[in-house]
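Number of protein chains: 2
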Amino acid sequence: MTLSERQEHILKTIVETYVSTARPVGSHAVVTASGLQVSSATVRNDVAILEVEGYVRQFHTSGGRIPTNAGYRYYVERLMGPNPLSTSEAVTIRHQFHQAHTELQEWLKLAATIMAYRMHNVALVTAPKSAEVRLRHVEIISTQPLMALLIVVLQDGTVLQEMMAFPEPRNQEDLSAIADRLSTDLRGLAASEIEARATVLPDSAAAMAAMISHLVKRGTEQHTQLYHAGLADMIRQPEFLGPRPGESMTMLNDRLRQMVEFLQQGFAVQRLLAGLPQASDVHIVIGSDMGSDGLQDYSFVLGRYGLEDESSGYLGIVGPTRMEYRRAVALVRYMSELMTDLVQAY
Amino acid sequence: MTLSERQEHILKTIVETYVSTARPVGSHAVVTASGLQVSSATVRNDVAILEVEGYVRQFHTSGGRIPTNAGYRYYVERLMGPNPLSTSEAVTIRHQFHQAHTELQEWLKLAATIMAYRMHNVALVTAPKSAEVRLRHVEIISTQPLMALLIVVLQDGTVLQEMMAFPEPRNQEDLSAIADRLSTDLRGLAASEIEARATVLPDSAAAMAAMISHLVKRGTEQHTQLYHAGLADMIRQPEFLGPRPGESMTMLNDRLRQMVEFLQQGFAVQRLLAGLPQASDVHIVIGSDMGSDGLQDYSFVLGRYGLEDESSGYLGIVGPTRMEYRRAVALVRYMSELMTDLVQAY
DNA sequence: GTTAGCACTCTCTTATGGAGAGTGCTAACG
DNA sequence: CGTTAGCACTCTCCATAAGAGAGTGCTAAC
């Protein structure tokens, strides 16, 4: 069944009011906030329909309605509308963002911090990653007679290192010579090509080439570095200031812990990001949608930045399902642009 | 005034009982837990003295005592006694720790995770840092005609990178030649020495040498990479499961946020660690002692690892003042040893 | 110095009774 | 037939009260 125009207007009002007040929205509040020229009784009839359709729910008989995850989704897909950032805000952000930083790492952190601060929620940013990774340079540093540190620099600037052991002592000069040799031989090759080339090298170099191939491969698949900021900001949200109606203190604690664990376990974030559709626009995940990862209480507004297939990363905002989706989308989109510019400059 | 032997025994019992139960300890509980051959009335007399001396306090007239920060400090300094880890636990840890990891980063993370898991609290580990940092290798990668990525590898394996711009186009071959030249010229030098040498180089190379010196200097002062784990474990502690007696929900929220912000702001951690006395044994900070950083509710058990003045880092455990100090000290000490071995192997 | 006894105090839990908010229903209206 | 006014009903929230429980502080005896 499809909603009438007025019902949509009411749903929109409920979502936006609840998002800004964090309290259940009653029929009277809808009338005053929506500007509709109808009585609260009429609204009540429509709200009853919204409830059977599953877009809103009430916690107790006399306590206004709040949106369900389905309600948020309807809002996001059909009612939200565009919201360009105010130009003044865009200027402020651009200015903050282009402060004297020169390291990519600092930029990534800054991007996360800016988004977190402006949304009062957690922000995620991953480092940009190239689709095809090729070797740039090899360096070997002797640490002990039988051990050395193998350093591999990839073409996108990623640096990987690994310890290696020898059956017999090697000195630094030998190692440097080998490294130079490997650098020139293998420069510009991808992991699989290095592996192939390894078979035609002398024994000692072959072992190293295998390790290098392994490292380059790891660089390809690598859990890209993830930055997040704003956990403290998110905790200030009313969702964490006390148990919700019907919720025990323990459940509040669990809810919070789910987010903390999610952020701690980088792979969970990676899994989420990997599951994104390729469409390059901003993507919204509400209540972790079907995936019952224990993140039902959180929503994600996620975007990509960078150059398709060349060097791209993800960024996004995470917070309680009660979130300013419109602002979040606008902000993510804007930061994507800024970050894309940055990557292109690199 | 100095405490009698029995009073110390009572204080010890109160601390240990409170640490394990998280509930105020009454006189009767002290009698049964301590094994003292006196009545509860006698204990009450002594406890009254402990209270005027400031080692314990009670929240309400009829609610047992809990240790004050001073009480914890007394316990830690005089009553705690040694607690070697059980050999079985040590073996387990050693085994966990020496699983197939080859990257330093992974080891640091693992160390933090192990400590956090075993203490149900937050664990901190910093990367090892050399006191004197010297240049190992320079690499320059052209990204655009007018821009390049400068990569500097230090002798301890640290890698730093920075973007640089040129007034006129440079191709990769030129840049590689310059990098090779700089590598051989500056290898093994410290930041100040590179700066001095820069003045005698031709113009173009001088600018780069200055940048390199700058990077090496940054490597020296650098906020060393900080790893933490176990925030989710700490949140499970009863301290965060509900407001304490007399505490509002907001205060609980604030308390938690203080820790989150502390961990987020790496520099706060660095400041704390920098303030440690040089003594190489484990150091305990209770309720942030005099420093009123808003961390009055937390204690730190901190240790160092690595080789004095050569390559050393910090590790430690952070949690509510109600903490198993003895176990924490033993664990930190043991992990220090393991990490020191690791650094020596590097 | 130690102990038994006991009144006292304070919290925590449970019960009770409005006040307030918002609904759902019914009947009337255009 | 959609819309509206009116009103009883339900449920939460808050303050108050009473009783149980725990632990103390004091006093007097050992």
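Those sequence lines, one after another, are chains A and B.
Residue 337 in the working numbering sits at position 335 of the first sequence, and the numbers go up by one each step.
Residue 292 in the working numbering sits at position 290 of the second sequence, and the numbers go up by one each step.
Ideal Cβ placement from N, Cα and C applies to all residues, glycine included.
Subject >> C-alpha gap between glutamate 263 of chain A and alanine 234 of chain B, whole angstroms >> reply: Walking along the first sequence from the start, residue 263 of chain A turns up at place 261. Walking along the second sequence from the start, residue 234 of chain B turns up at place 232. In a straight line, the C-alpha of glutamate 263 of chain A is about 6 Å away from that of alanine 234 of chain B.
Original post:
What's the C-alpha gap between aspartate 256 of chain A and proline 322 of chain A?
Top reply: Within the first sequence, numbered from 1, the residue matching residue 256 of chain A stands at position 254. Within the first sequence, numbered from 1, the residue matching residue 322 of chain A stands at position 320. So the two alpha carbons sit approximately 14 Å from each other.
**OP:** Verify whether the separation of the beta carbon atoms of arginine 67 of chain A and arginine 59 of chain A is less than 8 Å.
**Re:** On the first sequence, position 65 is the one that residue 67 of chain A refers to. On the first sequence, position 57 is the one that residue 59 of chain A refers to. In this structure, arginine 59 of chain A lies closer than 8 Å to arginine 67 of chain A by Cβ.
**OP:** Using only alpha-carbon positions, find the residue among B/Asp295, B/Leu317, B/Asp311, B/Gly73 that is nearest to leucine 304 of chain B.
**Re:** Numbered from 1 along the second sequence, position 302 holds the residue referred to as residue 304 of chain B. Checking every option, the nearest Cα to that of leucine 304 of chain B belongs to B/Leu317.
Original post:
If you measure from the beta carbon of glutamine 1 of chain B to each beta carbon in chain A, is any gap under 8 Å?
Top reply: Nothing can be reported for residue 1 of chain B: it is not among the residues displayed for chain B, which extend from 3 to 348.
**OP:** Please determine if the segment 104 to 116 of chain A and the segment 131 to 144 of chain A are in contact, where contact requires at least 3 C-beta pairs separated by less than 8 Å.
**Re:** no
Subject >> Strand pairing of threonine 128 of chain B, partner residues [DSSP] >> reply: Reading the second sequence from its first residue, position 126 is the one you call residue 128 of chain B. DSSP lists B/Leu228 as partners of threonine 128 of chain B.
**OP:** Closer than 9 Å by beta-carbon distance: list the chain B residues that pair up with glutamate 105 of chain A, in chain order.
**Re:** If you number the first sequence from 1, residue 105 of chain A lands on position 103. Simply Leu162, Gln163, Glu164, Met165.
**OP:** Compare the C-beta of histidine 139 of chain B against all C-beta atoms of chain A and say whether one is closer than 8 Å.
**Re:** Taking the second sequence and counting its residues from 1, the one referred to as residue 139 of chain B is at position 137. At least one chain A Cβ lies under 8 Å of histidine 139 of chain B.
Original post:
Just how far apart, CA to CA, sit asparagine 123 of chain A and valine 320 of chain A?
Top reply: Your numbering for residue 123 of chain A matches position 121 in the first sequence. Your numbering for residue 320 of chain A matches position 318 in the first sequence. So the alpha carbons of these two residues sit roughly 6 Å apart.
**OP:** Tell me, please, whether the segment 12 to 26 of chain B touches the segment 321 to 340 of chain B by the rule of three or more beta-carbon pairs shorter than 8 Å.
**Re:** yes
Original post:
Just the Cα atoms here: how many angstroms apart are phenylalanine 168 of chain A and methionine 149 of chain A?
Top reply: Position 166 of the first sequence, counting from 1, holds the residue named residue 168 of chain A. Position 147 of the first sequence, counting from 1, holds the residue named residue 149 of chain A. Between phenylalanine 168 of chain A and methionine 149 of chain A, the C-alpha separation is close to 6 Å.
**OP:** Note down, in chain order, all residues in the segment 249 to 277 of chain A with a beta-carbon under 7 Å from any beta-carbon belonging to chain B.
**Re:** Met251, Thr252, Asn255, Leu258, Arg259, Val262, Glu263, Gln266
**OP:** Taking the CB atoms as reference points, tell me whether methionine 213 of chain B and methionine 166 of chain B lie closer together than 8 Å.
**Re:** Against the second sequence, residue 213 of chain B aligns to sequence position 211. Against the second sequence, residue 166 of chain B aligns to sequence position 164. Taking 8 Å as the Cβ cut-off, methionine 213 of chain B and methionine 166 of chain B qualify as a contacting pair.
Subject >> Close-in-space but distant-in-sequence residues of the same chain around glycine 296 of chain B (CB under 6 Å, 5 per side omitted) >> reply: Walking along the second sequence from the start, residue 296 of chain B turns up at place 294. Cβ neighbours of glycine 296 of chain B beyond the five flanking positions: Gln260.
Subject >> chain A contacts made by the segment 114 to 128 of chain B, where a contact means CB separation under 7 Å >> reply: none
Original post:
Closest Cβ-Cβ distance between phenylalanine 168 of chain A and chain B: below 8 Å?
Top reply: Working through the first sequence from its first residue, we reach residue 168 of chain A at position 166. No, phenylalanine 168 of chain A does not count as interfacial toward chain B.
Subject >> Close beta carbons around glycine 221 of chain A, own chain, < 6 Å, minus the five adjacent residues each side >> reply: Against the first sequence, residue 221 of chain A aligns to sequence position 219. Within the same chain, glycine 221 of chain A has close Cβ partners Val135, Leu156, Thr160, Leu162.
Original post:
When you compare only the Cα positions, how much space is there between isoleucine 16 of chain B and alanine 72 of chain B?
Top reply: On the second sequence, position 14 is the one that residue 16 of chain B refers to. On the second sequence, position 70 is the one that residue 72 of chain B refers to. Roughly 13 Å between the two C-alpha positions.
**OP:** Taking only the alpha-carbon atoms, compute the straight-line gap between glutamine 174 of chain A and arginine 335 of chain B and give it to the nearest angstrom.
**Re:** For the purposes of this step, residue 174 of chain A is taken as residue 172 along the first sequence, with counting starting at 1. For the purposes of this step, residue 335 of chain B is taken as residue 333 along the second sequence, with counting starting at 1. Rounded to the nearest angstrom, the two C-alpha atoms are 34 Å apart.
Original post:
Any idea what DSSP makes of glycine 73 of chain A, helix, strand or coil?
Top reply: Taking the first residue of the first sequence as 1, we reach residue 73 of chain A at position 71. Helix, per DSSP.
Original post:
Is the shortest distance between the beta-carbon of phenylalanine 242 of chain B and the beta-carbons of chain A less than 8 Å?
Top reply: Within the second sequence, residue 242 of chain B is the residue found at index 240, counting from 1. Yes, its Cβ sits closer than 8 Å to a Cβ of chain A.
**OP:** Go ahead and label glycine 232 of chain B buried or exposed: buried means 16 or more other beta carbons lie within 10 angstroms of its beta carbon, across all protein chains shown.
**Re:** Here residue 232 of chain B refers to the residue found at position 230 when the second sequence is read from its first residue. The residue is buried, with at least 16 neighbouring Cβ atoms inside 10 Å.
**OP:** Can you pull the chain A residues whose beta carbon is under 9 Å from the beta carbon of glycine 159 of chain B, in chain order?
**Re:** Looking up residue 159 of chain B in the second sequence gives position 157. Per Cβ cutoff of 9 Å: Ile143, Thr145, Leu151, Ile153, Gln163.
Original post:
alanine 31 of chain A and threonine 44 of chain A: beta carbons closer than 8 Å?
Top reply: Taking the first residue of the first sequence as position 1, residue 31 of chain A is located at position 29. Taking the first residue of the first sequence as position 1, residue 44 of chain A is located at position 42. Cβ atoms of alanine 31 of chain A and threonine 44 of chain A: not closer than 8 Å.
Original post:
In chain B, which residues lie with their C-beta within 8 Å of the C-beta of leucine 233 of chain A?
Top reply: Mapped onto the first sequence, residue 233 of chain A falls at position 231. What leucine 233 of chain A touches in chain B: Val262, Gln266.
Original post:
In whole angstroms, what separates the C-alpha of arginine 8 of chain B from that of threonine 226 of chain A?
Top reply: Taking the first residue of the second sequence as 1, we reach residue 8 of chain B at position 6. Taking the first residue of the first sequence as 1, we reach residue 226 of chain A at position 224. Computed Cα separation, rounded: 58 Å.
Original post:
Does isoleucine 319 of chain B come within less than 8 Å of chain A when only Cβ atoms are used?
Top reply: Along the second sequence, one-based indexing puts residue 319 of chain B at 317. Not one chain A Cβ lies under 8 Å of isoleucine 319 of chain B.
**OP:** Compare the C-beta of isoleucine 214 of chain A against all C-beta atoms of chain B and say whether one is closer than 8 Å.
**Re:** Residue 214 of chain A sits at position 212 when you count from the first residue of the first sequence. So, not an interface residue.
Original post:
Nearest-angstrom Cα distance between leucine 228 of chain B and glutamine 266 of chain A?
Top reply: By 1-based counting over the second sequence, the position of residue 228 of chain B is 226. By 1-based counting over the first sequence, the position of residue 266 of chain A is 264. Spanning the two alpha carbons is a distance of roughly 14 Å.
Original post:
Between alanine 347 of chain B and chain A, is there a C-beta pair that is closer than 8 Å?
Top reply: To locate residue 347 of chain B, count along the second sequence from 1; it is residue 345. At least one chain A Cβ lies under 8 Å of alanine 347 of chain B.
**OP:** Compare the beta carbon distance of alanine 193 of chain A and serine 215 of chain A with 8 Å and say whether it is the shorter of the two.
**Re:** Within the first sequence, numbered from 1, the residue matching residue 193 of chain A stands at position 191. Within the first sequence, numbered from 1, the residue matching residue 215 of chain A stands at position 213. Going by C-beta atoms, alanine 193 of chain A is nearer than 8 Å to serine 215 of chain A.
Original post:
Is the Cβ of isoleucine 68 of chain A closer than 8 Å to any Cβ of chain B?
Top reply: The residue you call residue 68 of chain A lines up with position 66 of the first sequence. With 8 Å as the cut-off, isoleucine 68 of chain A does not count as an interface residue toward chain B.
Subject >> Enclosing beta strand (DSSP E) for serine 301 of chain B [first to last residue] >> reply: The count along the second sequence starts at 1 and reaches residue 301 of chain B at position 299. 300 to 309 is the span of the beta strand (DSSP E), which, as asked, contains serine 301 of chain B.
Subject >> Helix, strand or coil at arginine 199 of chain A according to DSSP, with G and I counted as helix >> reply: Locating residue 199 of chain A in the first sequence gives position 197, where the first residue counts as 1. Helix.
Original post:
Between leucine 188 of chain B and valine 140 of chain B, is the Cβ-Cβ spacing less than 8 Å?
Top reply: Counting from 1 along the second sequence, the entry for residue 188 of chain B is found at position 186. Counting from 1 along the second sequence, the entry for residue 140 of chain B is found at position 138. In this structure, valine 140 of chain B lies closer than 8 Å to leucine 188 of chain B by Cβ.
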